[in-house]
Amino acid sequence: MPQSSRTFRIFVSSTFSDLKAERNALQEKVFPRLRDLAAAHGCRFQVIDLRWGVSEEASLDQQAMKICLGEIERCQKTSPRPNFIVLLGDRYGWRPLPSEIPADEFEQIIPLVTKEEKNLLEQWYRRDDNAVLPSYCLLPRSAEFVEYSVWEQVENQLRRVFLTAVEKLSLSPDNLLKYTASATEQEIVAGALRVSDAQGHVFGFFREIEGLPGSSGSFGEADAQAIQKQKELKEHLKERLPGNVHEYTARWQGDGPSLDHLDQLCEDVYADLSKVILSEIGHLEAVDPLEKEIAAHNEFGEDRARIFIGRADILKAIADYIKGNNSHPLAVWGLSGSGKSALMANAVQQVRKNGQDVLCRFIGATPESSNGRALLESLCRQISRRYGADETAIPSEYKDLVQEFPKRLALAKPEKPLILFLDALDQLSDTDHARNLVWLPANLPPNVCLIVSTLPGECLKALEGKLPEQNRQEVQPMSVEDGKAILSAWFEGVHRKLQDDQEQYLLNKFKECGLPLYLKLAFEEARQWKSYDSIPKLSGDIPGILQDLFKRLSQESNHGSMLVSRSLGYLAAAKNGLSEDELLDVLSMDNEALADFQRRSPKSPKSDRLPVVVWSRLYFDLEPYLTERSADGAFLLSFYHRQLKDAVQEAYCSGLEKQERHSLLAQYFRKKETWLDIVTEKPDKRKTAELIYQLVYGGQANKIEESILDYNFLQARLNCAGPFDLLEDFKIIFDSELCLNIQAHKHISIVRDFIQMISYILVNDKDQLVGQLFGRLIDYEDSWLKPILVEAFNFKNNRAWLHPGELVKRCRRFRGDSFRSRPRVARIVRDIG
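Here it is, written out as structure tokens:
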């Protein structure tokens, strides 16, 4: 299966304490090289090593294996090849207790144990009838059991009970695994042994210590059974991965193994992974930007329409509108959280099921769709392709696109009508004042249906001035009956349910609000409820339930307020979102976040980087509230709904906190190299997209002139996004309340006006920047311009380019000759080249 994304996400499986030196060596010497290799080809490399940088006592929630197996699945989805490597030493490793046991299985175990053992099992396991197949759940550690030395004794007792009992049961190997296998073996089964094409991309690195003295430690490490299981696991992997397993020998030196093998290990890991990564990069195809944009919106719509119930009246109104001959657009409007996007997505699917083609944009699903100019250009191009029209005539300027859009709509034909859905007009940015909807025709050409949605506010007022009342459909609150039906469908999808009193309580709270978003948020809370829990209190509105979520996650017994506030704060401060490795990088730069980690995990080794497992545990709880979208050549995390972002901004990214979050992001992006590969002129898209935005909102006026007047940044931003996004950066600067000094304001204004003047040229040929720069700004004698010109000259000096100033200077030597003399001018240009 070819690589489907430009992100390579690799899970590292190893025992906890046995291979610290090996994992540290890979973190220091190999993984940075692989990140650079991927970046040089416009890709990203992420390592998921959940045992690096944390103490063995770090897990209190008893969810370690769920998180590990969930991360393996994410790696497999993100990067089919490669996604898993195994480091094995001389220890079999920690054998976790099952976090959940099917009720029928648990109840077969109870008669096989002593009364004392039964009491111990019932002390730590509770029956949960909210699981569709009831199960017994392991309780979190609390009180004195937070101390691992205390918990370890209980854990060992429970493990012995299970191991003795399950020997008497006729369980399948798969069902036995959770009782008998180490965490590492369970990972290996999921990441390698059950993978059909593992031999093509999964690798093992085994170390054996000569002269190893008798081992000691936690239960099972020293027994013969564990030693035998470790040997069997290695042999099984050798059979499963022929040619993909490397073996090393170390010598015991009194206090630990020798480290002679580390250099060879690092070389082998780099060689194996880089080979597969380069092979997959070779299969990556250049995706047409328009096709990528279309696919992103289709995917967004499919996700929103996955489970949909109710809204029959609005769906019928849309269907009747499409069948009729109404010459105006149809507008659907309602409060935030009323389910407009899900409604629009379902309507799109219904039209497609009827065999009709549909164009759709869910504004905000991609950065480009939020920009009025980019949205119109994208729509004009897609419509033109649909009807075989000339794309080259499509203008680039917003004001011209406003005139062009109705002309492209008019390409629709009776035998091939055009049905266009535009969701969330209110998500348009204020660039070019696109929310005033001047670009949206009040009267449509024949054979065109246009369905739009919006919140109350500026866009709805604009629509009220364009459309008759019957063309404006309000989305009312959802009925309790529909709410109950969709709630049941959601629970069925996660194989859970509620007890009658729990369901009634939730539905009563939903009745107060009636918004589907509230129901979704309440569901995400309620899916965690166990049948043996008392019913937690739910706030009655969306802001309240979100604040309840933040409080729960921020509890000291959960993730702590520092990690929650900083992680969500940085995500809210990002312009387009953050990739997971970017978020970890920024959190690692945050001294307060690092200090808080050390306070909460005092036995973890000192490190200048936050361990990935800390974020993975938080992501495990945040996943329903986040979404991943493609932007700037990467997959970035963002918020599932705008009200989530609003709530996070209010809680963690306002006032001084807002400036601090932006300031550290600005520092992070400033440190990154502008060019991933200067020879091939491959820029860092993420830096160029975020830097100016972060500098402005981080209040770093003194750094803005330095960045926006850097030729390398200008050319890189231009190469990544074109002149209009570059001009948007200038607009952000001048729209802000930053106090730029008079000189800086003047210099930035000159360059902005210059880019605006030549934007029509740069749209078609980004390489024209340097020549235009010399030709139009060479007469400025101010010293501030000289560094830009020097940088531009040096940047392009590795290949021929036309220097207008030099051409004019040399032509003046021939005053007596005609400037129209082609041979003479040709000799001058050849001489310059």
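Numbering (our numbering), first residue to last: 4 to 836. Glycine is no exception: its CB is placed at the ideal position from the N, C-alpha and C atoms.
Rounded to whole angstroms, what is the Cα-Cα separation between residue i and residue j?
i	j	result
A320	N133	39 Å
N301	A322	20 Å
E380	R355	24 Å
G313	I454	19 Å
A829	R779	Caution is warranted here: a pLDDT of 47 is assigned to A829, below 50, making its placement in the model unreliable, and the coordinate value is therefore given only provisionally. If you take the alpha carbons of A829 and R779, they lie about 22 Å apart.
K32	D271	12 Å
L730	W442	20 Å
L667	K706	13 Å
R475	R77	42 Å
D435	V405	11 Å
E708	A747	6 Å
E125	A488	35 Å
H44	I284	8 Å
K241	A195	11 Å
I735	L281	39 Å
L123	L161	7 Å
Within the same chain, show all residues whose beta-carbon is closer than 7 Å to that of residue i, passing over the 5 residues directly before and after it, in chain order.
i	result
S864	An answer regarding residue 864 cannot be provided, because it is not within the stretch 4 to 836 covered by the chain.
A465	N439 and L440
Y671	D588, V589 and M592
Q352	A308
With a 10 Å radius around its C-beta and 16 neighbouring C-beta atoms as the bar for buried, classify residue i as buried or exposed.
i	result
G92	buried
A334	buried
P35	exposed
A492	exposed
F737	exposed
G375	buried
I310	exposed
A299	buried
Y139	buried
R163	exposed
A315	exposed
L776	buried
Quick check: residue i and residue j, are their CB atoms within less than 7 Å of each other?
i	j	result
Q646	A575	no
Y128	L115	no
I679	A289	The residue you asked about is not Ile; residue 679 is Leu in the sequence shown. Taking 7 Å as the Cβ cut-off, L679 and A289 do not qualify as a contacting pair.
A209	K232	The question names Ala, but residue 209 in the sequence shown is Phe. The answer is no: Cβ separation not under 7 Å.
L318	A368	no
N722	D635	no
D593	R569	yes
Y714	I761	no
A415	N450	yes
A28	C269	yes
S185	Y95	yes
I1	I751	One cannot answer for residue 1 here, as it falls past the ends of the chain, which runs 4 to 836.
I758	D732	no
I548	S557	no
T677	F716	yes
S20	E190	no
For residue i, collect the residues of the same chain with a Cβ closer than 6 Å to its Cβ; drop the 5 residues on either side in sequence, then sort them by chain order.
i	result
H498	V135
Y628	Y643 and L647
A669	Q697, L698, G701 and Q703
L522	G486 and F513
D584	Q49
A348	G304, R307 and A308
L458	S339 and D429
L910	Past the edges of the chain, shown from 4 to 836, lies residue 910, and the structure says nothing about it.
I764	Q771
In chain order, what residues of the same chain have a beta carbon less than 8 Å from the beta carbon of residue i, not counting five sequence neighbours either side?
i	result
S221	Bear in mind that a pLDDT of 39 at S221, under 50, signals an unreliable position, so the number given afterwards is only what the model happens to contain. Only W97, E155 and N159 meet the Cβ criterion.
D599	G563, M565 and L566
Q256	none
E407	L379, C383, I397 and P398
Chain E beta carbons: is any one of them nearer than 7 Å to that of residue i?
i	result
L115	You won't find chain E in this structure, because it holds only one protein chain.
Inset, instruction - Specify whether the stretch 605–617 and the stretch 38–55 touch according to this definition: at least 3 beta carbon pairs, one from each stretch, less than 8 Å apart. - result: yes
Inset, instruction - Spell out a yes or no on whether the stretch 388–397 and the stretch 325–332 are touching, meaning 3 or more CB-CB pairs, one atom from each, closer than 8 Å. - result: no
Inset, instruction - Pair every Cβ in the stretch 336–352 with every Cβ in the stretch 417–437, then say whether three or more of these pairs are closer than 8 Å. - result: yes
Inset, instruction - Determine contact between the stretch 102–122 and the stretch 203–217, defined as no fewer than three beta-carbon pairs at a distance below 8 Å. - result: no
Legend entry - Contact the stretch 512–525 vs the stretch 474–490: 3+ CB pairs below 8 Å: yes
Legend entry - Inter-stretch contact at 8 Å, needing at least 3 Cβ pairs: the stretch 196–210 / the stretch 79–88: yes
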